[in-house]
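Colleague: Residue numbers (the numbering used here): 505 to 872.
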Ligand SMILES: Cc1cc2nc3c(=O)[nH]c(=O)nc-3n(C[C@H](O)[C@H](O)[C@H](O)COP(=O)(O)O)c2cc1C
């Protein structure tokens, strides 16, 4: 008998598998949530609670095929399920992002590469998957400049400027000892520095790599100028902030609670998405809105797209998948969500992602 796991069940299975082999301080870091974990729990629940109103009598192909492909900032992808930038992936797998990128390439997806990566950009790019470089603006901006220049030269297609990390202390998983990656006995805590040589670092104080807390809207244009890449701002929940980012030159925003890892009392991404979409559209119809944090099913992906997201990012399930089964684990997460999305699209009469329109989402979830 074969059992077919839902994406939600698969995520739980991969997490259990990964936790059974990872050191507790690593699992504790990956599973960490802010506050009492309420934002993370409600984030999962909010996506899972979205209800769709299927459309019928729309024809469709006799073989039931639907087209999940789209384009993100002009880059074609076969699925709107993208891999979120996540730190410390060499703690999941010896090849880290390079291994994850193989799965992403096979899935026809795209990955975000964290500032805190230990894998050289060239190895990530070698898999052939499109990738965006996630930027934490470092205290020494000349180092950030070097990193984004190198990312651009190595084939990054865009920058994801993360702006929701205002505290240098990570949240701790309830009940788990909080150990910063910088303090892991075996940890690649200064992983980001692998993209820099010791000559680059000469003259920088040791704290140079800490994220600066004074990122402002001018940073968007500065990053675009020094890298020559489009900038997407990640970690936006308030519609006014989203509008300001686009006015400041961002080509898109990611509605994100950082996986519920920043503010326990935060609104969820699912709740924030419609307001952000409306605010961004009002400034620039061409700007793209993405969403992440707690997306665990194809129905949630469909609902996010129907509410105006161009694509979604998936985080923890892929990190656990990488730790448990390498590229195969990441591939199953991306493939499972995409397969579920296709099933939901078929049942909703949506032949392509462009057919996922707001009227498919039950009105109780839409803002007045
Ligand atoms: C272990 C871990 C490390 C992360 N590291 C980063 C990071 O370096 N930069 C960043 O912008 N977001 C980081 N994130 C947040 C993810 O990009 C993403 O927003 C979040 O994981 C999505 O929520 P989900 O895990 O519920 O799918 C990290 C998340 C996890 C779980």
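Beta carbons are placed, not taken as given, at the ideal position from N, Cα and C, and that holds for glycine.
1. Closer than 8 Å to a non-hydrogen atom of ligand 1 - does that hold for the CB of residue 841?
2. Okay, do the segment 839-851 and the segment 587-595 touch, 3+ Cβ pairs below 8 Å being the bar?
3. If you count every other CB in all the chains shown that lies within 10 Å of the CB of residue 535, and 16 or more means buried, which is it?
4. Span of the beta strand (DSSP E) holding residue 635?
5. Let me know if residue 868 comes out buried or exposed under the rule of 16 or more other beta-carbons within 10 Å of its beta-carbon.
6. Would you report the Cα separation of residue 617 and residue 820, rounded to the nearest angstrom?
7. At which residues does the alpha helix (DSSP H) containing residue 666 begin and terminate?
8. Give the list of continuous beta strand (DSSP E) stretches no shorter than 3 residues that lie fully inside the segment 747-831.
9. What would DSSP say about residue 840, mapped onto helix, strand or coil?
10. Taking 8 Å as the cut-off, is the beta-carbon of residue 591 closer than that to any non-hydrogen atom of ligand 1?
11. Report the option in 845, 533, 521, 520 whose CA atom is closest to the CA atom of residue 687.
12. Taking residue 570 as part of the alpha helix (DSSP H), name the residues at either end of that continuous run.
13. Under the criterion of a Cβ to heavy atom distance below 8 Å, does residue 797 qualify as lining ligand 1?
14. Considering only C-alpha positions, which residue in the set 799, 832, 848 is nearest to residue 551?
15. Pull up the distance between the alpha-carbon of residue 480 and that of residue 559, whole angstroms please.
16. Is it true that the segment 617-626 meets the segment 852-863, where meeting means three or more beta-carbon pairs spaced less than 8 Å apart?
17. Between residue 711 and residue 726, what straight-line distance do the alpha-carbon atoms span, to the nearest angstrom?
18. Could you check the C-alpha separation between residue 530 and residue 595 for me, to the nearest Å?
19. With residue 648 as the anchor, note down where its beta strand (DSSP E) starts and where it stops.
20. Within the chosen definition, does the segment 505-522 reach the segment 772-791 through at least 3 CB pairs nearer than 8 Å?
21. Output needed for residue 694: all residues of its chain with C-beta closer than 6 Å, excluding positions within five of it in sequence on either side, in chain order.
22. Measuring alpha carbon to alpha carbon, tell me which residue in 805, 792, 662, 739 is nearest residue 729.
23. So which of 832, 801, 797, 784 has the shortest CA-CA distance to residue 812?
24. Go ahead and pull the three-state DSSP assignment for residue 587.
25. Identify, in the order they occur along the chain, each residue of the same chain with its Cβ nearer than 8 Å to the Cβ of residue 539, setting aside the five sequence neighbours on each side.
26. Just to confirm, does residue 638 get its C-beta within under 8 Å of one of the non-hydrogen atoms of ligand 1?
27. Taking just the CA atoms, how far does residue 619 sit from residue 696?
28. Quick one: what's got a C-beta closer than 6 Å to residue 834's C-beta in the same chain, skipping five residues either side?
29. So is the beta-carbon of residue 818 under 8 Å away from any non-hydrogen atom of ligand 1?
30. Taking 8 Å as the cut-off, is the C-beta of residue 823 nearer than that to any heavy atom in ligand 1?
31. With a 10 Å radius around its C-beta and 16 neighbouring C-beta atoms as the bar for buried, classify residue 804 as buried or exposed.
32. Using only the alpha-carbon positions, how far apart do residue 680 and residue 790 sit?
33. What's the C-alpha gap between residue 527 and residue 854?
34. Is residue 585 near ligand 1 - that is, is its Cβ less than 8 Å away from at least one heavy atom of it?
Modeller: Per the coordinate set shown:
1. Counting from 1 along the chain shown, the entry for residue 841 is found at position 337. Closer than 8 Å to some heavy atom of ligand 1: that does not describe the Cβ of residue 841.
2. As far as the Cβ criterion goes, the segment 839-851 does not touch the segment 587-595, which means the pair count is below three.
3. Along the chain shown, one-based indexing puts residue 535 at 31. So residue 535 counts as buried.
4. For the purposes of this step, residue 635 is identified with residue 131 of the chain shown, where counting begins at 1. For residue 635, the enclosing beta strand (DSSP E) stretches over residues 635-639.
5. On the chain shown, position 364 is the one that residue 868 refers to. Answer is exposed; the Cβ neighbour count stays below 16.
6. On the chain shown, position 113 is the one that residue 617 refers to. On the chain shown, position 316 is the one that residue 820 refers to. When rounded, the distance between both Cα atoms is 14 Å.
7. Mapped onto the chain shown, residue 666 falls at position 162. For residue 666, there is no enclosing alpha helix (DSSP H); the residue is part of the beta strand (DSSP E) that begins and ends at 663-666.
8. Segments of the beta strand (DSSP E) lying fully in the segment 747-831: 756-759, 792-795, 815-818.
9. Counted from its first residue, the chain shown places residue 840 at position 336. Residue 840: helix per DSSP, three-state reduction.
10. Position 87 of the chain shown, counting from 1, holds the residue named residue 591. In this structure, the C-beta of residue 591 approaches ligand 1 to less than 8 Å from one of its heavy atoms.
11. On the chain shown, position 183 is the one that residue 687 refers to. Ranked by Cα distance from residue 687, the options 845, 533, 521, 520 are led by 533.
12. Residue numbering aside, residue 570 sits at position 66 when the chain shown is read from its first letter. Segment: none, residue 570 is in no alpha helix (DSSP H) and carries neither H nor E.
13. One-based indexing of the chain shown puts residue 797 at position 293. Using a cutoff of 8 Å, the CB of residue 797 counts as near ligand 1, since one of the ligand's heavy atoms is closer than that.
14. Within the chain shown, numbered from 1, the residue matching residue 551 stands at position 47. Residue 799 is the option with its Cα nearest to residue 551.
15. Any question about residue 480 goes unanswered here, given that the chain covers just 505 to 872.
16. Cβ pair count under 8 Å is below three, so no.
17. Start at 1 with the first residue of the chain shown, and residue 711 comes out as number 207. Start at 1 with the first residue of the chain shown, and residue 726 comes out as number 222. Caution applies to residue 711, whose pLDDT of 43 falls short of 50 and renders its modelled position unreliable; the model cannot decide the point.
18. In the chain shown, the residue the question calls residue 530 occupies position 26. In the chain shown, the residue the question calls residue 595 occupies position 91. Their backbone Cα atoms lie some 7 Å apart in a straight line.
19. Along the chain shown, one-based indexing puts residue 648 at 144. Run containing residue 648: none in the beta strand (DSSP E); it sits in the alpha helix (DSSP H), 645-657.
20. At 8 Å Cβ cutoff, the stretches do not touch.
21. Along the chain shown, one-based indexing puts residue 694 at 190. Residue placement at residue 694 cannot be trusted, given a pLDDT of 45 that sits under 50; what the coordinates show is reported in the next sentence. Answer for residue 694: no residue qualifies.
22. Along the chain shown, read from residue 1 onward, the residue named residue 729 stands at position 225. Nearest of 805, 792, 662, 739 to residue 729, Cα basis: 662.
23. The residue labelled residue 812 in the question sits at position 308 within the chain shown. The alpha carbon of residue 812 has as its nearest neighbour, out of 832, 801, 797, 784, the alpha carbon of 784.
24. As a first step, residue 587 must be located in the chain shown, where it is residue number 83. Look at residue 587 here: in three-state DSSP terms it is strand.
25. By one-based count along the chain shown, residue 539 stands at place 35. Excluding positions up to five away in sequence, the list reads 675, 767, 768, 769.
26. By one-based count along the chain shown, residue 638 stands at place 134. Yes, the Cβ of residue 638 comes within 8 Å of a heavy atom of ligand 1.
27. Stepping through the chain shown from its first residue, residue 696 is reached at position 192. Stepping through the chain shown from its first residue, residue 619 is reached at position 115. Annotation note: pLDDT 48 at residue 696 (below 50); position unreliable, no value reported.
28. If you number the chain shown from 1, residue 834 lands on position 330. Taken in chain order, the residues that qualify are 604, 607, 822, 825, 826.
29. Your numbering for residue 818 matches position 314 in the chain shown. It does: the Cβ of residue 818 is within 8 Å (strictly closer) of some heavy atom of ligand 1.
30. For this step, residue 823 is matched to residue 319 along the chain shown. For ligand 1, at least one heavy atom lies less than 8 Å from the Cβ of residue 823.
31. As a first step, residue 804 must be located in the chain shown, where it is residue number 300. When all chains shown are included, residue 804 counts as buried.
32. Mapped onto the chain shown, residue 680 falls at position 176. Mapped onto the chain shown, residue 790 falls at position 286. Residue placement at residue 680 is poorly supported in this model, since its pLDDT is 48, which falls under 50; the coordinates still yield a value, given next. A straight-line Cα-Cα distance of about 43 Å links residue 680 and residue 790.
33. Counted from its first residue, the chain shown places residue 527 at position 23. Counted from its first residue, the chain shown places residue 854 at position 350. It is roughly 44 Å from the alpha-carbon of residue 527 to the alpha-carbon of residue 854.
34. To locate residue 585, count along the chain shown from 1; it is residue 81. Answer for residue 585: no, Cβ out of range of ligand 1.
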